[in-house]
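S.K.: Below is the structure I would like to discuss, written out as structure tokens.
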Amino acid sequence: MSYPYSNHHSVSSSSGIPFQSDETNYFSSSREPGKEVSSNIPMYSRHQQSAIPSFMEKTISIRDYRPDEKELRVEDYYPRRDVKKFQEVREGNDLDILQSFDDESEYLDKEHSSRIRDLETKKRNCIANFKLKNKKEVEELFAKLINILRIIERELDHNLECEASIHFSDSIEHQIEEFNKQSEYLDRFMLRSNYLDQDFFENISEQIIKIEGIVNDTNLRALCIHFQRAYNNKDTERMELYKRDLKPLRLAVRGMAHASEKLVN
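For what it's worth, our numbering labels the leading residue of the sequence shown as 42, then goes sequentially.
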């Protein structure tokens with residue numbers, strides 16, 4: 042004679058999703074006293090078995106049937122390990138998860154700091170390149186001023202020591218105007234340049250002021266004009282007088298040109 046036994050078990054998988062086994066089990070028994078009940082219990086399918094946690098062990102225990110007992114007692118699942126051990130395992134897993142967050146945060150902090158250091162290094166290198174580029178540009182512009190000084194010096198040498206020219210004063214005036222144009226452009230460039238070595242900037246600025254003081258000296262222009270007139274009038278006496286006054290200015294121009302060349306070389 043068969044006795045139906047409905048087996049509804051709820052088991053949680055490792056992913057936390059419960060599943061149920063709702064198969065109906067039938068125990069076949071001879072119902073004879075003192076004999077072990079023979080049973081035919083369908084097992085869980087393979088995927089259901091794989092979902093059973095590792096700390097659980099499936100055990101089915103059937104007591105001997107007795108006439109005075111009205112039901113069979115079946116134990117389905119019980120923990121293989123104690124509850125305390127199970128809690129320790131779960132707490133350990135939680136700590137591992139939290140630690141992984143801390144590790145990732147630390148890694149990102151290091152990576153961020155490393156990128157910031159790289160950017161700061163690139164910025165410093167870029168500023169250094171700007172300073173070098175601007176310095177070369179200033180040196181080239183300053184060299185043009187020195188070249189004008191040398192032209193003025195050669196004009197003075199030729200007209201005072203060799204033979205005077207009818208274009209002497211005009212040539213000096215033209216060089217003075219060219220010098221003022223180049224000097225003004227150089228001043229604007231240095232003021233616009235955000236990245237320029239401070240010491241170099243101050244030295245160049247001071248030297249330009251000194252050169253301007255000599256080139257724009259009213260005595261230089263006036264003496265050149267008077268010397269030109271004396272030459273045109275063949276007034277040798279006045280020519281000699283103006284030569285004497287122009288020689289110190291010629292030496293000043295030569296000395297300034299030499300000092301300026303040393304500044305950029």
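Heads up, the beta-carbon is just placed ideally off N, CA and C, and yes, glycines get one too.
Note that the coordinates shown come from a computational prediction; the quantities given were computed from them, not determined experimentally.
When DSSP labels each residue in this structure, what does residue 237 get in the three-state scheme?
M.R.: Reduced to three states, the DSSP call for residue 237 is coil.
S.K.: Out of 215, 295 and 246, which one is the CA nearest neighbour of residue 225?
M.R.: That would be 246, whose Cα lies nearest to the Cα of residue 225.
S.K.: Measure the CB-CB distance between residue 291 and residue 182 and report whether it falls below 8 angstroms.
M.R.: The answer is no: Cβ separation not under 8 angstroms.
S.K.: Give the secondary structure of residue 207 by DSSP, where H, G and I count as helix, E and B as strand, and everything else as coil.
M.R.: Correct three-state label for residue 207: coil.
S.K.: What separation, rounded to the nearest whole angstrom, lies between the Cα atoms of residue 301 and residue 221?
M.R.: Approximately 16 angstroms, taken between the alpha carbons.
S.K.: Would you be able to state if there are at least three C-beta pairs under 8 angstroms between the segment 250-257 and the segment 179-199?
M.R.: With a cut-off of 8 angstroms, the segment 250-257 and the segment 179-199 count as touching, because enough Cβ pairs lie within range.
S.K.: Would you identify the three-state DSSP class for residue 85, choosing helix, strand or coil?
M.R.: For residue 85, the pLDDT reaches just 45, beneath the cut-off of 50, and the residue's location in the model is therefore unreliable, although a value from the coordinates is still provided. It is coil, neither helix nor strand.
S.K.: Of all the options 177, 239, 261 and 231, which has the alpha carbon lying nearest to the alpha carbon of residue 217?
M.R.: Minimum Cα distance to residue 217 is reached at 261.
S.K.: When we look at the beta-carbon of residue 269 and count the other beta-carbons within 10 Å, is it buried (16 or more) or exposed?
M.R.: Its Cβ being crowded by 16 or more others within 10 Å, residue 269 is buried.
S.K.: How long is the line joining the alpha carbons of residue 135 and residue 144, rounded to whole angstroms?
M.R.: Those two C-alpha atoms are separated by around 14 angstroms.
S.K.: Between residue 180 and residue 305, is the Cβ-Cβ spacing less than 8 angstroms?
M.R.: Going by C-beta atoms, residue 180 is nearer than 8 angstroms to residue 305.
S.K.: Taking the alpha carbon of residue 280 as the point to measure from, which residue in 156, 203 and 251 has its own alpha carbon closest?
M.R.: The shortest Cα separation from residue 280 among 156, 203 and 251 belongs to 203.
S.K.: Cα separation between residue 297 and residue 156?
M.R.: Cα to Cα, the separation comes out at about 50 angstroms.
S.K.: Give me the Cα-Cα distance between residue 150 and residue 158, rounded to the nearest whole angstrom.
M.R.: Going from the Cα of residue 150 to the Cα of residue 158 covers about 12 angstroms.
S.K.: Just verifying my parser: in three-state terms, what is the DSSP assignment at residue 257?
M.R.: Correct three-state label for residue 257: coil.
S.K.: What do you get for residue 95, buried or exposed, if any count of 16 or more other CB atoms within 10 angstroms of its CB means buried?
M.R.: Any reading at residue 95 needs caution, since the residue's pLDDT is 46, under 50, leaving its predicted position unreliable; the model's value is listed next. Its Cβ having fewer than 16 others within 10 Å, residue 95 is exposed.
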